[in-house]
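Numbering (this note's numbering), first residue to last: 9 to 512.
Next up, the structure:
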């Protein structure tokens with residue numbers, strides 16, 4: 009586990025990353041950000057419209073919207089996603105792509121409204137059972153370039169400095185086992201490497217997985233003016249990460265050194281949401297909703313495999329400036345491989361709570377415009393476990409993450425049975441401004457559009473959503489942050505959804 013924490017996916021190199029962190033701060037962000045779940049109608053509005061009601065997506069956004077229903081409904085939404093990535097490092101851009109088909113949304117709403125002749129302020133309500141894919145982790149990232157400043161071997165030397173061989177751990181231990189770093193025979197706390205040149209560094213990152221959520225929610229109607237709702241969400245998640253990091257050398261005793269990392273996570277979680285919508289005028293709706301933290305329980309498994317390919321290097325040739333041998337044993341190095349034990353552990357994760365406010369203006373039956381503002385504090389995420397110490401990761405969460413405000417705008421134009429929709433959303437940067445030692449805006453920008461046909465009993469909606477955002481990571485940590493290899497990843501994600509609906 010320690011070795012995975014030293015060189016792990018998106019491990020950054022700065023004082024903000026608390027020493028002893030295993031990388032669970034990455035999980036905290038991964039499961040706190042959602043990818044515009046719901047029907048094609050809501051997606052075409054860029055996730056706005058929490059106060060509209062009458063859409064099965066209300067179960068996950070604002071359950072009070074279920075009270076607006078006046079009939080029962082069944083909805084099915086298949087989806088397609090394509091994520092293009094561009095990894096930029098050492099002035100070189102490398103592109104890759106990942107695509108996937110999935111069921112984006114599925115559910116049923118059962119309406120229990122009272123008849124018009126039945127007296128009383130309470131006009132009934134609706135119960136919804138829905139399924140939504142709230143996250144898709146499919147991604148391929150390629151980063152490659154020539155590093156003329158340092159190598160991961162320099163990182164090993166820095167970590168080993170001042171320690172005896174029996175005190176080494178993590179990536180420094182690996183370097184020692186592979187003869188990449190070697191103690192001085194006269195001072196075993198001082199290390200040397202026979203590899204003096206600079207490498208071409210290549211990283212290939214493949215992630216797969218999802219987070220699905222089943223919601224059970226109910227919305228009540230009072231005088232067709234005030235709506236209240238509450239619900240519970242049950243999540244299931246699967247995540248697999250494969251990272252291969254390679255350094256290749258020319259005209260050196262070492263041909264290449266490779267790290268092959270594997271990590272698998274599986275977990276379940278639960279959250280709750282409540283909401284209210286008020287219609288003070290026929291043309292205006294305002295609302296407020298709260299979604300509790302999601303309380304996850306994860307099981308994980310992973311390991312590392314290390315390979316070094318030497319050019320039949322005779323270690324007797326490794327000598328200091330005085331001609332003294334630095335490796336006293338007699339051996340010729342070829343292919344070497346070591347591996348960590350497979351580690352299995354469990355941990356709990358609490359994501360931040362979310363507060364959302366929304367409003368919508370209606371233009372008679374010609375359409376509407378709507379807006380939502382959502383606030384959450386990513387620094388409130390928390391990791392706990394009985395298998396390992398989580399304090400360092402929680403300190404890192406507080407150090408690097410920030411509160412963020414998400415703004416979503418959308419509109420719909422209606423002409424007879426046809427619907428035309430558009431939306432825009434800006435998801436605030438979850439990182440503090442000085443994160444990673446690079447001036448990078450990590451906010452997400454979403455542009456959406458869609459069309460729909462309402463035939464009364466049946467309806468069909470299509471949405472296309474484009475999302476762009478940037479991320480960065482450093483492959484390993486050097487004592488000086490700026491010396492650590494930096495990769496900036498540009499993401500361009502396109503999602504398509506097609507919703508089939510039946511009113512009954």
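Virtual Cβ for every residue (Gly too), placed ideally from N, Cα, C.
Problem - Environment of residue 122 [buried if 16+ CB atoms lie within 10 Å] - result: Burial call: exposed.
Handout entry: Within the segment 75–158, ranges of the beta strand (DSSP E) (whole runs, at least 3 residues)
Key = 81–97, 100–119, 130–144, 147–154
Practice task
Give the DSSP-derived three-state secondary structure of residue 399 in the structure shown.
Solution key: helix
Problem - Where residue 358 falls, given that 16 or more other Cβ within 10 Å makes a residue buried - result: buried
Practice task
Using the Cα positions of residue 475 and residue 418, report the straight-line distance between them to the nearest angstrom.
Solution key: The alpha-carbon atoms of residue 475 and residue 418 are separated by roughly 15 Å.
Handout entry: Euclidean distance between Cα positions of residue 16 and residue 209
Key = Reliability fails at residue 16, whose pLDDT of 40 lies under 50, so the model's placement of it is uncertain and no value is given.
Problem - Per DSSP, the bridge partner or partners of residue 426 - result: 423, 461
Handout entry: Rounded straight-line distance, which links the Cα of residue 291 to that of residue 372
Key = 7 Å
Problem - residue 359, enclosing alpha helix (DSSP H) - first and last residue - result: Looking at the DSSP string, residue 359 is not in any alpha helix (DSSP H), and its letter there is neither H nor E.
Handout entry: For residue 51 and residue 505, believed in contact at Cβ under 8 Å, the rounded distance
Key = That pair is a contact at about 5 Å.
Handout entry: Per-residue DSSP class, three states only, for residue 22
Key = Residue placement at residue 22 is flagged as unreliable, the pLDDT there being 47, under the threshold of 50; a coordinate-derived value is accordingly withheld.
Problem - Beta-carbon contacts of residue 232 that lie in its chain and below 8 Å, excluding the five residues immediately before and after - result: 131, 287
Exercise for the section: Count the other C-beta atoms from every protein chain shown that fall within 10 angstroms of the C-beta of residue 376, then say buried if there are 16 or more, exposed otherwise. Expected result: Classification of residue 376: buried, given that the 10 Å Cβ count is 16 or more.
Handout entry: Selected residue, minimal CA-CA separation from residue 183, among 64, 165, 194
Key = 165
Practice task
Kindly indicate the opening and closing residues of the alpha helix (DSSP H) around residue 50.
Solution key: 48–52
Practice task
Taking the CB atoms as reference points, tell me whether residue 71 and residue 140 lie closer together than 8 Å.
Solution key: No.
Exercise for the section: Select from 62, 238, 316 the residue whose C-alpha is nearest the C-alpha of residue 119. Expected result: Cα-wise, what sits closest to residue 119 is 62.
Handout entry: Residues bridged to residue 272 (per DSSP)
Key = For residue 272, which the question treats as bridged, DSSP gives the partners 248, 309.
Problem - Secondary structure, alpha helix (DSSP H): runs of 4+ residues fully inside the segment 168–255 - result: Scanning the segment 168–255 from its first residue to its last, the whole alpha helix (DSSP H) runs of 4-plus residues come out as 178–185.
Problem - CA-to-CA distance, residue 469 to residue 79, given in whole angstroms - result: 19 Å
Practice task
Please report how far the alpha carbon of residue 26 lies from the alpha carbon of residue 404, in whole angstroms.
Solution key: Distance between the alpha carbons of residue 26 and residue 404: 5 Å.
Handout entry: Nearest-angstrom Cα separation, counted from residue 472 out to residue 107
Key = 15 Å
Handout entry: Bounding residues of the alpha helix (DSSP H) (the contiguous stretch that carries residue 33)
Key = Residue 33 -> alpha helix (DSSP H) spans 32–38.
Exercise for the section: In angstroms with no decimal places, state the Cα-to-Cα distance between residue 339 and residue 177. Expected result: Looking at the two C-alpha atoms, the distance is approximately 24 Å.
Handout entry: Cβ contact (3+ pairs, closer than 8 Å) linking the segment 255–272 and the segment 317–334
Key = yes
Practice task
Count the C-beta pairs between the segment 28–37 and the segment 90–106 that are closer than 8 Å, then say yes if the count reaches three, no if not.
Solution key: no
Practice task
Measure the beta-carbon distance from residue 456 to residue 54 and round it to whole angstroms, keeping in mind my assumption that it falls under 8 Å.
Solution key: The C-beta distance from residue 456 to residue 54 rounds to 4 Å, short enough to meet the 8 Å contact threshold.
Exercise for the section: Identify the continuous beta strand (DSSP E) that holds residue 298 and give its terminal residues. Expected result: 292–299
Handout entry: Inter-residue spacing [alpha-carbon to alpha-carbon] between residue 89 and residue 190
Key = 48 Å
Practice task
Could you check which residue in 238, 445, 198 has the C-alpha nearest to that of residue 300?
Solution key: Scanning 238, 445, 198 for the CA closest to the CA of residue 300 turns up 238.
Handout entry: residue 394 in three-state terms, based on DSSP
Key = coil
Handout entry: Through-space distance from residue 65 to residue 226, alpha-carbon basis
Key = 12 Å
Practice task
Specify, as a first and last residue, the run of the beta strand (DSSP E) that residue 472 falls within.
Solution key: DSSP places residue 472 inside the beta strand (DSSP E), whose first and last residues are 466–482.
Handout entry: Per-residue DSSP class, three states only, for residue 436
Key = coil
Exercise for the section: Check whether the Cβ atoms of residue 142 and residue 43 lie closer than 8 Å to each other. Expected result: yes
Handout entry: Alpha carbon of residue 411 to alpha carbon of residue 150, nearest angstrom
Key = 30 Å
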